[in-house]
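A short write-up of the structure that comes next.
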Amino acid sequence: MNEKTPPRRPATFKLDDPGVVLMDPDDSGRLSRGAIQIVPEAEPAQLPVPVDAPLLPARRGFRWGTLFWSAVAGLVVLGTGLGVLNLVEDLFARNEGLGFLGLALAIVAAVALAVVTMRELVGLTRLATIEKLHLRAAEVLISDDRAASRAVVADLLKLAHQTPQLARARSALQSHTDDIIDGADMIRLAERELMTPLDEEARRLVSSAAQRVSVVTAVSPRALFDVLFVFVASLRMIRQLARLYGGRPGALGMIRLLRHVIAHLAITGGMAASDSLIQQMLGHGIAAKLSQRLGEGMLNGLLTARLGLAAIDVTRPLPFNALPRPALTDLAKDLIRKREEEQ
Amino acid sequence: MPPSLSDIVEEARLSARALLDYGEGFFNPTVRLGVTGLSRAGKTVFITALVHGLTRGGRFPVFEPYASGRIARAYLAPQPDDAVPRFAYESHVRTLVEERRWPSSTTDISELRLVIEYQRQNGADRTLTLDIVDYPGEWLLDLPLLNKSYEQWSAESLALSREPLRAKLAAPWHAHLATLKPEAKEDEQAALTEARLFTDYLRACRDERFAMSLLPPGRFLMPGNLADTPALTFAPLDVPIDGSAPDHSLWAMMRRRFEAYKDVVVRPFFRDHFARLDRQIVLADALAAFNAGPEALHDLEAALAGILDCFRIGRSTILSALFRPRIDRILFAATKADHLHHQSHDRLEAVLRRIVAKAAERAEYAGADIDVVALAAVRATREAQVQRGRDKLPSILGTPASGEVANGEILDGETEVATFPGDLPDNPEDLFNGGFRGLSSSGAEAADYRFLRFRPPKLERNGDAEPALPHIRLDRALQFLIGDKLQ
Numbered sequence: 000m001n002e003k004t005p006p007r008r009p010a011t012f013k014l015d016d017p018g019v020v021l022m023d024p025d026d027s028g029r030l031s032r033g034a035i036q037i038v039p040e041a042e043p044a045q046l047p048v049p050v051d052a053p054l055l056p057a058r059r060g061f062r063w064g065t066l067f068w069s070a071v072a073g074l075v076v077l078g079t080g081l082g083v084l085n086l087v088e089d090l091f092a093r094n095e096g097l098g099f100l101g102l103a104l105a106i107v108a109a110v111a112l113a114v115v116t117m118r119e120l121v122g123l124t125r126l127a128t129i130e131k132l133h134l135r136a137a138e139v140l141i142s143d144d145r146a147a148s149r150a151v152v153a154d155l156l157k158l159a160h161q162t163p164q165l166a167r168a169r170s171a172l173q174s175h176t177d178d179i180i181d182g183a184d185m186i187r188l189a190e191r192e193l194m195t196p197l198d199e200e201a202r203r204l205v206s207s208a209a210q211r212v213s214v215v216t217a218v219s220p221r222a223l224f225d226v227l228f229v230f231v232a233s234l235r236m237i238r239q240l241a242r243l244y245g246g247r248p249g250a251l252g253m254i255r256l257l258r259h260v261i262a263h264l265a266i267t268g269g270m271a272a273s274d275s276l277i278q279q280m281l282g283h284g285i286a287a288k289l290s291q292r293l294g295e296g297m298l299n300g301l302l303t304a305r306l307g308l309a310a311i312d313v314t315r316p317l318p319f320n321a322l323p324r325p326a327l328t329d330l331a332k333d334l335i336r337k338r339e340e341e342q
Numbered sequence: 000m001p002p003s004l005s006d007i008v009e010e011a012r013l014s015a016r017a018l019l020d021y022g023e024g025f026f027n028p029t030v031r032l033g034v035t036g037l038s039r040a041g042k043t044v045f046i047t048a049l050v051h052g053l054t055r056g057g058r059f060p061v062f063e064p065y066a067s068g069r070i071a072r073a074y075l076a077p078q079p080d081d082a083v084p085r086f087a088y089e090s091h092v093r094t095l096v097e098e099r100r101w102p103s104s105t106t107d108i109s110e111l112r113l114v115i116e117y118q119r120q121n122g123a124d125r126t127l128t129l130d131i132v133d134y135p136g137e138w139l140l141d142l143p144l145l146n147k148s149y150e151q152w153s154a155e156s157l158a159l160s161r162e163p164l165r166a167k168l169a170a171p172w173h174a175h176l177a178t179l180k181p182e183a184k185e186d187e188q189a190a191l192t193e194a195r196l197f198t199d200y201l202r203a204c205r206d207e208r209f210a211m212s213l214l215p216p217g218r219f220l221m222p223g224n225l226a227d228t229p230a231l232t233f234a235p236l237d238v239p240i241d242g243s244a245p246d247h248s249l250w251a252m253m254r255r256r257f258e259a260y261k262d263v264v265v266r267p268f269f270r271d272h273f274a275r276l277d278r279q280i281v282l283a284d285a286l287a288a289f290n291a292g293p294e295a296l297h298d299l300e301a302a303l304a305g306i307l308d309c310f311r312i313g314r315s316t317i318l319s320a321l322f323r324p325r326i327d328r329i330l331f332a333a334t335k336a337d338h339l340h341h342q343s344h345d346r347l348e349a350v351l352r353r354i355v356a357k358a359a360e361r362a363e364y365a366g367a368d369i370d371v372v373a374l375a376a377v378r379a380t381r382e383a384q385v386q387r388g389r390d391k392l393p394s395i396l397g398t399p400a401s402g403e404v405a406n407g408e409i410l411d412g413e414t415e416v417a418t419f420p421g422d423l424p425d426n427p428e429d430l431f432n433g434g435f436r437g438l439s440s441s442g443a444e445a446a447d448y449r450f451l452r453f454r455p456p457k458l459e460r461n462g463d464a465e466p467a468l469p470h471i472r473l474d475r476a477l478q479f480l481i482g483d484k485l486q
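Structure below.
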């Protein structure tokens, strides 16, 4: 709103006045100049509230499993430490030079372990930050809370700082942070500004992984290779997606991410099977008729794409609201086009 | 004023009661929700909409326990106090939904108990009892009197009545006051006339054109069952603040009655309904003040500040819960937000934030959580864009109540209109610096803001079930007020 315009005067129009025209929201026809047009807006209260499947199943109760693994890990560390200590002592007993060498190696190993652990921890915290950001953004989309939306956007900008290609989008978004924008709209704005280039890249990543999988499984001689290759390609795709959206998962982070992706797939899988997947499978049953290997390759590619979509949902710091969620059909189209080009 | 014996006794009674409540609440947690607001702020409608939404089911996406389905059901239960009338919830709903009228002005106190059955996030079944009290908003203005002496109150009331806008309305009373000598012998007839003229002046201030808020004592406007008793037959006199009254003088009589008013009316009211609150929502009708003018806005600010000083606010601790319950969450709500397009809600919130700035700061300092929200407990309008020539006005559509005036024409209560009430300024300070004209200083044509009163919405009935009442941000208010108790 421009501050220089003087405040507008109050005005009232009776709907049954001849000079007043009530228009349909969808109807955009122009009327004569003199008439006063009234366009009712869609009531937010009557718009359907999007209900997203929860990203993560709610945790509850004391986490005994975590406690168990932590304790076991502690024991293993203690055991290894003891073993190394004994080894170094033995080495010293045999020869002083060997002892020092052993000690030096042990210290190097310890330092490297510390650094690796540190990186893992940082990676895990980053993943947790992104997950929390996602939840907070989803909350703001419902509550329309301005203060909370500002906080989310500030955190998002901090996160996006590590992605150089977002520099321009970041500064554009920064210039809007002081405008009068409602909470939910602010989140949508941030999504449009920051996520558009990333989403495109993510889609490219997923479809290229799917293509690779479909080609390799179509030509590979053994089922074992198929499985191995699909696994490796999926891991690589998930890691790339996480990096793209600002996470830097290490080994532990990957495990955690993989768990969430699979959990998410389990929740949304039912929905997917009911619509696009079945249709795709039936369609490519024809391909399978033509060649069994070709059909298998296609199916594997689609499954990989499906996994990629779940991974996007989990790694993306904002829920899909202003931008369309990439659909399996789009990716499948990519896949088929590629295949046709090859043939 | 040093604490008198009666203050200390009062304090002890409050503590004893709090201890008793704590014992009861141990097994059956109870939240006392204070719905605070001056008259016409919308307390009754807020309570009705809240109870209706929870018992019949409403659209509350932001109210987490409700939206996630953890609230199994909510129902009305017999209230705890046998001497207080029951809140006429059913008849208020009927008035709103069937007759499409707002409930008439509250004349007496009433109470309601709502029991919410819910499941905690860890799976345990629990119930939460919500006690809500409705009362005439005028009575609230009495609370600041508790800390004042008769002489103090007289001086303040007189100073206020000599402000330019009020002086006109107070002229008959001032004329009579000039004939009285405070030191003269007590005279029942003089007191009666004086009280009557004073009451007339208060009543005149309340007119829609002036919309004054700061009009103590409240029982003069809404006497309840105490009408015509000596406790309500007094008025300010022109007396020095530190003087003492001669025996059997008019002054001494007035003073005695003022003290009686505090003892008989104000203290029990405060003790029974305000001393033990856990959560509070302060409703304020800023739009009526915009209609009237800057004076009304200042008046609203002063009235709210005086009232909020009386509450016990601060972080709850075990000790405070035992002996001196405190309010640990306050929500300031600008009601009737449906009379504005939603683009202006942020600005309305900013104005309210400015009105309650001092009180909010004090509450935050004491450790309470505060929030400000623009809400409409029952949404009476829809939104629309009006294209007039080049202008695009964000407007609202609705049916104004019969008798409302628009463009110099009296509406019949059936015609639907689109109205653009005027632009609220970006910076709320502009309003407080007297930068706008209201009905109190100019005609309806020149006023900068015009908020019509709309009738409640027409609801589509779906089968037998009663329709849900539309609202604006009622769910957010609920989430803030009791969401954490339903974790």
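Protein sequences appear in the order of chains C and F.
Counting from 1, position 180 in the first sequence corresponds to residue 179 in numbering that gives the first Met the number 0; the numbering is continuous, with no gaps.
Counting from 1, position 370 in the second sequence corresponds to residue 369 in numbering that gives the first Met the number 0; the numbering is continuous, with no gaps.
Beta carbons: idealized from backbone N, C-alpha and C, even for Gly.
Item	Value
For chain C, check one thing: does any of its Cβ atoms lie closer than 8 Å to the Cβ of glutamine 386 (chain F)?	yes
Quick one: complete beta strand (DSSP E) runs, 3+ long, within the segment 318 to 377 of chain F?	328 to 333 and 368 to 373
I'd like to know whether the C-beta of valine 38 (chain C) is nearer than 8 Å to at least one C-beta of chain F.	yes
Mind checking whether aspartate 107 (chain F) and leucine 157 (chain F) have CB atoms under 8 Å apart?	no
Out of curiosity, what's the CA-to-CA distance linking leucine 317 (chain C) and arginine 191 (chain C)?	10 Å
Under 8 Å, Cβ to Cβ, is there at least one residue of chain C near threonine 535 (chain F)?	In the structure displayed, chain F extends from 0 to 486; residue 535 (chain F) sits before or after that span and is not available.
Quick one: what does DSSP say proline 325 (chain C) is sitting in, helix, strand or coil?	coil
Helix, strand or coil: how does DSSP classify aspartate 15 (chain C) here?	coil
Who are the Cβ neighbours of glycine 305 (chain F) in its own chain at under 6 Å, not counting the five residues just before and after it?	Pro143
Whole alpha helix (DSSP H) runs in the segment 213 to 281 of chain F with 4 or more residues, listed along the chain?	249 to 260 and 266 to 272
Counting only C-beta atoms, is proline 47 (chain C) closer than 8 Å to chain F at any point?	Here proline 47 (chain C) scores only 40 on pLDDT, less than 50, and its place in the model is too uncertain to base an answer on.
Quick check on this structure: which residue in C:Glu88, C:Leu264, C:Ala146 and C:Gly246 has the alpha carbon closest to the alpha carbon of arginine 315 (chain C)?	C:Gly246
Taking C-alpha atoms, which residue in F:Leu477, F:Asp199 and F:Leu468 lies nearest to glutamine 279 (chain F)?	F:Leu477
Could you have a look at glutamate 408 (chain F) and say whether DSSP puts it in helix, strand or coil?	strand
Taking all protein chains shown into account, decide if aspartate 133 (chain F) is buried (16 or more other Cβ within 10 angstroms of its Cβ) or exposed.	buried
Residues of chain F with a CB under 8 Å from the CB of leucine 14 (chain C): which are they?	Leu396, Thr414, Glu415, Val416 and Ala417
Do we get a CB-CB distance below 8 Å when we pair alanine 137 (chain C) with the residues of chain F?	no
Going by the C-beta, is glutamate 63 (chain F) closer than 7 Å to any heavy atom of the ligand GTP?	Because no ligand of any kind appears in the structure shown, any question about the ligand GTP cannot be addressed here.
Assign glutamate 137 (chain F) to buried or exposed, taking buried as 16 or more other Cβ atoms, counted over all protein chains shown, within 10 Å of its Cβ.	buried
When burial is assigned at 16 or more other CB atoms within 10 Å of the CB, is glycine 442 (chain F) buried or exposed?	exposed
By the 10 Å Cβ neighbour count, where 16 or more other Cβ atoms means buried, how is glycine 41 (chain F) classified, buried or exposed?	buried
Give the residues of chain C in contact with valine 61 (chain F), contact being defined as C-beta atoms less than 9 Å apart.	Glu138, Ile141, Ser142, Asp143 and Asp144
Arginine 16 (chain F) by DSSP, collapsed to three states: which one?	helix
Are there 16 or more other CB atoms within 10 angstroms of the CB of arginine 324 (chain C), so buried, or fewer, so exposed?	exposed
With distances taken Cα to Cα, identify the nearest neighbour of glutamine 486 (chain F) among F:Gly56, F:Ile70 and F:Gly33.	F:Ile70
Counting only beta-carbon atoms, is arginine 7 (chain C) nearer than 8 Å to chain F?	yes
Can you tell me the Cβ-Cβ gap for threonine 418 (chain F) and threonine 303 (chain C), rounded? I've got them flagged as a contact below 8 Å.	Not quite, the Cβ-Cβ distance comes to about 57 Å (not below 8 Å), so this is no contact.
For alanine 208 (chain C) and glycine 294 (chain C), which I take to be in contact (beta-carbon distance under 8 Å), what is that distance rounded to the nearest angstrom?	Contact doesn't hold; Cβ gap of about 19 Å is too wide.
Closer than 9 Å between beta carbons: that is the criterion. Which residues of the segment 253 to 285 of chain F meet it against chain C?	none
To the nearest angstrom, report how far apart leucine 4 (chain F) and leucine 231 (chain F) are at their CA atoms.	24 Å
Could one say the Cβ of alanine 345 (chain C) lies closer than 8 Å to chain F's Cβ atoms, at least one of them?	Given a span of 0 to 342 for chain C in the structure shown, any question on residue 345 (chain C) remains unanswerable.
So with CB distances below 9 Å, who are the chain F contacts of threonine 65 (chain C)?	Ordered by position in chain F, no residue passes the 9 Å Cβ test against threonine 65 (chain C), which lies about 17 Å from the chain.
So proline 84 (chain F) packs on threonine 43 (chain F), CB below 8 Å; how close in whole Å?	With a Cβ gap of about 13 Å, proline 84 (chain F) and threonine 43 (chain F) do not count as contacting.
Once the 5 residues before and after leucine 286 (chain F) are set aside, which same chain residues still bring their CB inside 7 Å of it?	Lys335, His338 and Phe450
Could you name the residues that DSSP lists as bridge partners for threonine 94 (chain F)?	Answer is none; threonine 94 (chain F) lacks a bridge partner.
Count the C-beta pairs between the segment 162 to 178 of chain C and the segment 128 to 137 of chain C that are closer than 8 Å, then say yes if the count reaches three, no if not.	no
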